[in-house]
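Novice: Attaching a single structure in structure tokens format; questions to follow.
Residue numbers (our numbering): 12 to 115.
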């Protein structure tokens with residue numbers, strides 16, 4: 012019975028470590044994209060939101076183009092993750108500009 016719990020604990024630890032690495036990747040590329048694009052939205056969590064959505068958008072783009080360059084973190088290639096995050100940050104900037112309205 013203890014072997015069952017030991018295996019369960021190891022699986023939970025492995026899943027937690029994977030989520031931590033993916034979250035750190037999302038935060039890192041989100042901060043880089045926020046600094047490069049400057050979305051203009053001053054709300055907490057925008058870099059994290061851009062990073063989380065961008066990592067998966069970049070993964071989808073990489074799969075669609077069959078493009079897997081460079082190193083990977085937690086199973087996600089870093090360069091497509093950064094490019095996906097930049098696309099999301101640009102989309103957030105366009106939405107923010109649209110909400111401001113025309114300048115006179």
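A virtual CB, placed ideally from N, CA and C, is assigned to each residue, including glycine.
From this set, 102, 115, 88, which residue's C-alpha is nearest residue 58's C-alpha?
Specialist: 102
Novice: Quick check on the DSSP output: the alpha helix (DSSP H) that includes residue 54 runs from which residue to which?
Specialist: Premise fails: residue 54 is in no alpha helix (DSSP H) and is neither H nor E.
Novice: Between residue 109 and residue 88, is the Cβ-Cβ spacing less than 8 Å?
Specialist: no
Novice: How would you call residue 80, buried or exposed, if buried means at least 16 neighbouring beta carbons within 10 angstroms?
Specialist: exposed
Novice: Measure the C-alpha to C-alpha separation of residue 113 and residue 61 and round it to an integer number of angstroms.
Specialist: Going from the Cα of residue 113 to the Cα of residue 61 covers about 25 Å.
Novice: Out of 31, 85, 76, 63, which has the shortest C-alpha to C-alpha gap to residue 97?
Specialist: 63
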